[in-house]
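J.: Just remember that my numbering sits 1107 ahead of the position in the sequence shown, which is counted from 1. Cβ coordinates follow ideal geometry from the N, Cα and C atoms, glycine included. What you are looking at is a predicted structure, and each value in this text was computed from that prediction instead of being measured. Got a structure for you, written out below as structure tokens; questions coming shortly.
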Amino acid sequence: MPLSRIEKEERLSSHKHRILGSLFIVLIVGALGCGSILNAMMSRNLDVVAEGNRPEWLVDDAIHVVLCGTGAPLLDPNRAGPCTAVIAGGKMYLVDVGPGSTERSLEYRLPLAQLDGIFLTHFHSDHIGELGEAMTQSWLASGRDTSLDVYGPDGVTDVVDGFLQAYSRDQVYRTAHHTQQYMPKEGDHMTAHPVSPSIGEDAEVFNKDGLRVIAIRVDHEPVVPAVAYRFEYAGRSVVVSGDTDYSENLGRASHGADLLVHEVLEKKIVGTMSRAMRDRGLDRQAKLAGDVLDYHTSPQDAVRLARDADVSTLVFTHLVPPVPGMMARLVFLSELGEKGDVDVLVGKDGMHFRLDPEGGIDRDLLD
């Protein structure tokens, strides 16, 4: 699918609409007695289930990156909460699991059965809201009998324990219903792994099957600590920033990365919104809007960081403020300053990047 497809307006039909449409067709077919058509449709769907999700991604030597959520806490019907999927070495990993991201992962047929770890950047609600669903849906998809590893800064153990408590009855019900053979209770569990990088000293948190993951300290105060992650595989590298103000430490650790997925907040617009709220007596809303200006990164600073770090491709995520369709390009790609050789993109849910070991980045839009 060419890039021009990505730059077009959002499609009017969502995944839910397609499902409802399919069900409607099935009902019509059934009512008309067209059993052979219904059987063919069922057979085709079962073939997809038997084949598995994106099997070709699991056997090649590339890194695949999918934006399964590019939104932020503010409502945006076209964007799920922050989530980036990385597929490498036959396994899938998620960086953050914001609200709606699990549905996106299912919609894009990501290989949840091969989910081997979740990396949390920090513990704001919009980054952890679907930790329980990611655990449960990957358990349903795989029938795994081992715990799911969850990595994050100090505090991750409390977060994991809280979700496990909230989902404990669900695990009991599903294992009792489907039996231990098909839904092993051990698979509906998570193991927390605290990571502790410091400024100037990154922390290797994962190294298996050729994939190396490094945690990087970033600046999101008063959210302390907060981290970014760098994934390295087959000579290619991807960095996911999490939430942060402009961070020289992140720039240092991103040096030479092929792909940088970086959060952005358009500070001029948000600042104007805050002042307008205050002028109208909306002091509380003005305070909340103004407070976020000092712990997020402007598009201009994200470009400067990527340029100085010799990053090849920069894609914006966690977009604030939420703006529809093509307006996002106008808001986030104007007045960026000197980009150098950096390819700058506004992220969209479903963007897929393939980083081949031989070089280059292919991209398309999943549907």
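Per DSSP, which residues does Phe1423 bridge with? Please list them.
T.: Translated into positions along the sequence shown, residue 1423 becomes position 316. Looking at the DSSP assignment, Phe1423 forms a beta bridge with His1369, Val1453.
J.: Is the Cβ-Cβ distance between Ser1381 and Asp1365 less than 7 angstroms?
T.: Mapped onto the sequence shown, residue 1381 falls at position 274. Mapped onto the sequence shown, residue 1365 falls at position 258. No, Cβ-Cβ distance for Ser1381 and Asp1365 is not below 7 angstroms.
J.: Nearest by alpha-carbon distance to Phe1226: which of Ala1241, Asp1471, Pro1218 is it?
T.: In the sequence shown, the residue the question calls residue 1226 occupies position 119. Taking only the C-alpha atoms, the option nearest Phe1226 is Ala1241.
J.: For His1296, count neighbouring C-beta atoms within 10 Å of its own C-beta (all shown protein chains included) and say buried if the count is 16 or more, exposed if not.
T.: Here the question's residue 1296 lines up with position 189 in the sequence shown. By the 10 Å Cβ count, His1296 comes out buried.
J.: Using DSSP bridges, identify the partner residues of Cys1190.
T.: Counted from its first residue, the sequence shown places residue 1190 at position 83. Looking at the DSSP assignment, Cys1190 forms a beta bridge with Gly1176.
J.: Return the chain-ordered list of same chain residues with a C-beta closer than 8 angstroms to the C-beta of Ser1121, the five sequence neighbours on each side being excluded.
T.: As a first step, residue 1121 must be located in the sequence shown, where it is residue number 14. Here Ser1121 scores only 47 on pLDDT, less than 50, and its place in the model is too uncertain to base an answer on.
J.: According to DSSP, is Met1458 part of a helix, a strand, or is it coil?
T.: Here residue 1458 refers to the residue found at position 351 of the sequence shown. Met1458 falls in the strand class under three-state DSSP.
J.: Label Ala1333 either buried or exposed according to how many other C-beta atoms from any shown protein chain fall within 10 Å of its C-beta, with 16 as the threshold for buried.
T.: What you label residue 1333 is simply residue 226 of the sequence shown in a count that begins at 1. By the neighbour-count rule (16 or more Cβ atoms within 10 Å), Ala1333 is buried.
J.: Per DSSP, what are the beta-bridge partners of Lys1315 in this structure?
T.: As a position in the sequence shown, residue 1315 is number 208, starting the count at 1. In the DSSP output, where bridge partners are listed per residue, Lys1315 has Leu1318.
J.: So who's on the other strand from Glu1308, going by DSSP bridges?
T.: Mapped onto the sequence shown, residue 1308 falls at position 201. The partner list for Glu1308 (beta bridge, DSSP) reads Ser1305.
J.: Determine, using beta-carbon pairs with one atom in the region 1399-1410 and one in the region 1337-1355, whether at least three such pairs fall under 8 angstroms.
T.: Between the region 1399-1410 and the region 1337-1355 there are three or more C-beta pairs closer than 8 angstroms, enough to call the two in contact.
J.: Using the beta-carbon count (16 or more within 10 Å), is His1458 buried or exposed?
T.: Here residue 1458 is taken as the residue at index 351 of the sequence shown, counted from 1. First, the amino acid is wrong: residue 1458 is Met here, not His. Buried, by the Cβ-count rule.
J.: Sorted by chain position, which residues of the same chain lie with C-beta nearer than 6 angstroms to Glu1339's C-beta, five sequence neighbours on each side aside?
T.: By 1-based counting over the sequence shown, the position of residue 1339 is 232. Here the set comprises Arg1319.
J.: In its own chain, which residues sit with a C-beta less than 8 angstroms from the C-beta of Gly1454, not counting the 5 before and 5 after it?
T.: The residue given as residue 1454 occupies position 347 in the sequence shown. Closer than 8 angstroms at the Cβ level, and outside the excluded window around Gly1454, lie Leu1174, Thr1177, Val1368, Val1422, Phe1423, Thr1424, Leu1426.
J.: DSSP three-state call for Asp1390: helix, strand or coil?
T.: The residue you call residue 1390 lines up with position 283 of the sequence shown. Correct three-state label for Asp1390: helix.
J.: For Ala1299, which of Asn1314, Asp1233, Tyr1258, Val1330 has the nearest alpha-carbon?
T.: Stepping through the sequence shown from its first residue, residue 1299 is reached at position 192. Out of Asn1314, Asp1233, Tyr1258, Val1330, Tyr1258 has the C-alpha closest to the C-alpha of Ala1299.
J.: Could you work out which residue in Gly1224, Arg1337, Glu1210 is closest to Asp1474 when comparing CA atoms only?
T.: Residue 1474 sits at position 367 when you count from the first residue of the sequence shown. The residue with the shortest Cα to Cα distance from Asp1474 is Glu1210.
J.: May I have the straight-line CA-CA distance separating Glu1117 from Glu1373, to the nearest angstrom?
T.: Translated into the one-based positions of the sequence shown, residue 1117 becomes position 10. Translated into the one-based positions of the sequence shown, residue 1373 becomes position 266. A caution first: Glu1117 carries a pLDDT of 44, below 50, which makes its placement in the model too unreliable to give a value.
J.: Grab the span of the alpha helix (DSSP H) containing Tyr1508 for me, first residue to last.
T.: It is not possible to answer for residue 1508, since the shown part of the chain is limited to 1108 through 1474.
J.: From which residue to which residue does the beta strand (DSSP E) around Gly1259 run?
T.: Position 152 of the sequence shown holds residue 1259. It spans 1255-1259 - the beta strand (DSSP E) in which Gly1259 sits, taken as one unbroken run.
J.: Could you have a look at Met1297 and say whether DSSP puts it in helix, strand or coil?
T.: Taking the first residue of the sequence shown as 1, we reach residue 1297 at position 190. Here Met1297 sits in strand by DSSP.
J.: For Arg1337, tell me which candidate among Pro1329, Val1325, Gly1466, Arg1387 has the shortest Cα-Cα distance.
T.: Here residue 1337 corresponds to residue number 230 of the sequence shown, with the count starting at 1. Comparing Cα-Cα distances from Arg1337 to each of Pro1329, Val1325, Gly1466, Arg1387, the minimum goes to Val1325.
J.: Closest by CA to Leu1271, which one among Ile1306, Ser1150, Gln1287, Glu1237?
T.: Indexing the sequence shown from 1 puts residue 1271 at position 164. The option with the nearest alpha carbon to Leu1271 is Glu1237.
J.: If I'm right that Val1312 touches Ile1306 with Cβ under 8 angstroms, what's the distance once you round it to whole angstroms?
T.: Against the sequence shown, residue 1312 aligns to sequence position 205. Against the sequence shown, residue 1306 aligns to sequence position 199. Contact flag wrong, Cβ pair sits at about 17 angstroms.
J.: In the structure shown, what three-state DSSP assignment does Leu1473 receive?
T.: Taking the sequence shown and counting its residues from 1, the one referred to as residue 1473 is at position 366. Coil at Leu1473, not helix or strand.
J.: Just how far apart, CA to CA, sit Glu1465 and Gly1378?
T.: Translated into positions along the sequence shown, residue 1465 becomes position 358. Translated into positions along the sequence shown, residue 1378 becomes position 271. About 44 angstroms.
J.: The alpha helix (DSSP H) spanning Phe1230 covers which residue range?
T.: In the sequence shown, the residue the question calls residue 1230 occupies position 123. No alpha helix (DSSP H) contains Phe1230, which DSSP labels as neither H nor E.
J.: Under the three-state reduction of DSSP, which class applies to Asp1168: helix, strand or coil?
T.: Counting from 1 along the sequence shown, the entry for residue 1168 is found at position 61. Reduced to three states, the DSSP call for Asp1168 is coil.
J.: Of the residues Gly1196, Pro1180, Met1290, which one's Cα is nearest the Cα of Gly1317?
T.: Position 210 of the sequence shown, counting from 1, holds the residue named residue 1317. Checking every option, the nearest Cα to that of Gly1317 belongs to Gly1196.
J.: Quick check on the DSSP output: the beta strand (DSSP E) that includes Ala1416 runs from which residue to which?
T.: Sequence index remark: in the sequence shown, residue 1416 carries index 309 (1-based). Ala1416 -> no beta strand (DSSP E), and no H or E assigned at all.
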